[in-house]
Every structure is written in C-alpha cells, then in structure tokens.
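One structure is given below, encoded as structure tokens.
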Amino acid sequence: MKSGFDRAALTSMLREGVSALPLTLIDAQIEQMISYLALLAKWNSVYNLTSVRDPNEMVRQHLLDSLSAAHAFKDAKNVLDVGSGGGLPGMILAITYPAIRIAMIDTVNKKTAFLAQAKTELGLANVTVYTGRVEALQVEQKFDVITSRAFSELCNFVNWSGHLLADGGQFIAMKGIAPNEEIERLPAGWEVTGIESLSVPGLEVARHLIMIKKVHSSVFESEAKLTLK
193 MKSGFDRAAL
203 TSMLREGVSA
213 LPLTLIDAQI
223 EQMISYLALL
233 AKWNSVYNLT
243 SVRDPNEMVR
253 QHLLDSLSAA
263 HAFKDAKNVL
273 DVGSGGGLPG
283 MILAITYPAI
293 RIAMIDTVNK
303 KTAFLAQAKT
313 ELGLANVTVY
323 TGRVEALQVE
333 QKFDVITSRA
343 FSELCNFVNW
353 SGHLLADGGQ
363 FIAMKGIAPN
373 EEIERLPAGW
383 EVTGIESLSV
393 PGLEVARHLI
403 MIKKVHSSVF
413 ESEAKLTLK
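Below you can see the structure in the form of structure tokens.
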C-alpha cells in the first residue's frame with residue numbers, strides 16, 4: 193500500500209471510534225473495513241472516487257460517518273443504497289450486517305467497477321451492484337429500506353426511487369444539517385416519520401437521519417373528504 197496508509201494506526205483509530213457508537217463489531221469486521229479503505233485509497237489515486245485523500249480523514253469522514261447511522265438499519269432485510277459512489281454507506285452496511293442484502297446503484301461506470309471489485313476482494317456475498325439511473329431500475333423483489341448519503345434533494349430521492357420501495361418500507365436519508373426546506377417540498381403522499389441527530393466520533397459536524405414513509409391511502413382519503421366539505 194502507498195505510503196501514508198498505516199494499517200495498524202488506522203485500525204486502532206477505527207476501533208476507538210466504533211467503541212463510541214451504539215454498535216458492536218468483531219475484529220474481522222474491523223479488518224474488513226480497513227481492507228475496503230485500502231482498496232478505496234488505491235483506486236482513488238487513479239479514478240478519483242472521493243475528494244478525501246488522507247487515510248485518517250477517510251476513517252472519520254467515510255467509515256465512522258457511515259457507521260454512525262448503521263444502527264438504523266439493523267432490522268432491515270433488503271436495502272438499496274442510491275448514488276452509492278465509492279460504496280458509502282452500502283459497503284459499510286454490508287460488512288456490518290452480513291445477513292442483510294445490500295444493493296448499490298450509481299450512474300458512473302468507474303464507481304460501480306470499483307464496487308464490483310471490492311465485493312469480490314472482500315468476499316461480500318450479500319452485495320449486488322447496479323450501473324445506471326435509479327429511476328430506470330426494475331427489480332423482482334422491492335426494498336424494505338432505501339438509503340442515500342448526500343445524494344440529492346429529498347423530493348428527487350423519493351420521486352426517482354419510490355417505485356422500488358416495498359409496501360410498508362421506508363427511506364432513510366443521510367443528511368448534514370436538518371433539511372427543513374427539503375422536507376417541506378416532499379411530494380404528496382409521503383411523510384417524515386422521524387429525524388435523528390447523529391454524532392460522528394472525531395468529527396464536529398451536523399449529521400441527521402431523515403426517515404420517510406408513504407402515507408397510508410386511508411389517511412389520504414380522509415383528508416380528501418375533509419377538503420371537499
């Protein structure tokens with residue numbers, strides 16, 4: 193690995209950060225995440241997958257940032273990460289929860305080529321990678337959770353991928369500052385069911401999870417009747 197990638201120091205930093213989160217990882221998972229980071233750093237030197245180049249900052253801004261939200265996915269079964277880029281949070285969720293199916297989609301070929309290579313090298317049998325626009329994606333089994341990390345405005349996120357959400361499923365959007373104006377622009381038929389403030393070890397930044405679900409049709413019908421009166 194290129195100079196500057198001190199695997200032992202990065203492993204120690206990641207382990208210390210995880211200890212501050214509501215999450216338990218075994219040593220093999222910590223090692224797997226550092227192996228993923230090594231691959232990302234290697235590919236990044238050629239393909240520019242992320243603007244973060246310092247390995248220490250990659251641990252904080254990529255691994256720990258994604259892990260700070262991981263607890264919200266513990267009961268999921270089939271997750272789609274939209275605009276996954278270099279695999280965040282998708283790859284981290286796949287390592288954290290090997291029993292959960294994790295799909296990732298991105299429009300950029302070099303990014304999905306990296307994801308496919310990482311899946312192979314890390315032995316992640318629970319990962320599926322798609323290349324293309326999410327609004328054109330069709331799947332046999334819809335997702336109970338669809339997530340994104342700084343992908344797009346919430347209304348676009350919901351409009352473009354809503355057809356892929358299973359009945360009773362939810363969106364979990366990873367955002368910085370609580371996006372109140374974006375929430376107000378959500379399309380009709382969708383509602384925010386929860387907003388959770390996150391703390392990322394080693395980072396003094398605002399992070400929020402926005403949970404969104406489809407409004408039950410009976411609620412819509414009741415509102416429509418009230419409007420007509």
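In our numbering, each residue's number is its place in the sequence shown (first place is 1) plus 192.
Ideal Cβ placement from N, Cα and C applies to all residues, glycine included.
On a predicted model such as this, the values are computed, not experimentally measured, just so you know.
query: Counted within 10 angstroms of its Cβ, other Cβ atoms place residue 275 as buried (16 or more) or exposed; result: buried
query: Which of helix, strand or coil DSSP assigns to residue 304; result: helix
query: Status (buried if at least 16 other CB within 10 Å, exposed otherwise) for residue 270; result: buried
query: Same chain, Cβ closer than 6 Å to residue 369, neighbours up to 5 away in sequence not counted; result: 398
query: Inter-residue spacing [alpha-carbon to alpha-carbon] between residue 338 and residue 349; result: 9 Å
query: Where residue 421 falls, given that 16 or more other Cβ within 10 Å makes a residue buried; result: Its pLDDT being 45, under 50, residue 421 is placed unreliably by the model, and the measurement read from it follows with that caveat. Counting Cβ neighbours within 10 Å, residue 421 comes out exposed, since fewer than 16 surround it.
query: Residue environment, residue 379, which counts as buried when at least 16 other CB atoms sit within 10 Å; result: exposed
query: Simplified DSSP assignment, three categories, for residue 408; result: coil
query: Bridge partners - residue 382, DSSP secondary structure assignment; result: 406
query: Coarse secondary structure for residue 423, derived from DSSP in three states; result: What is shown of the chain runs 193 to 421, which leaves residue 423 out entirely.
query: Beta-carbon contacts of residue 314 that lie in its chain and below 7 Å, excluding the five residues immediately before and after; result: 224, 227, 228
query: Nearest residue (CA-CA) to residue 316, options 323, 332, 296; result: 296
query: Beta-carbon gap between residue 199 and residue 394 smaller than 7 Å; result: no
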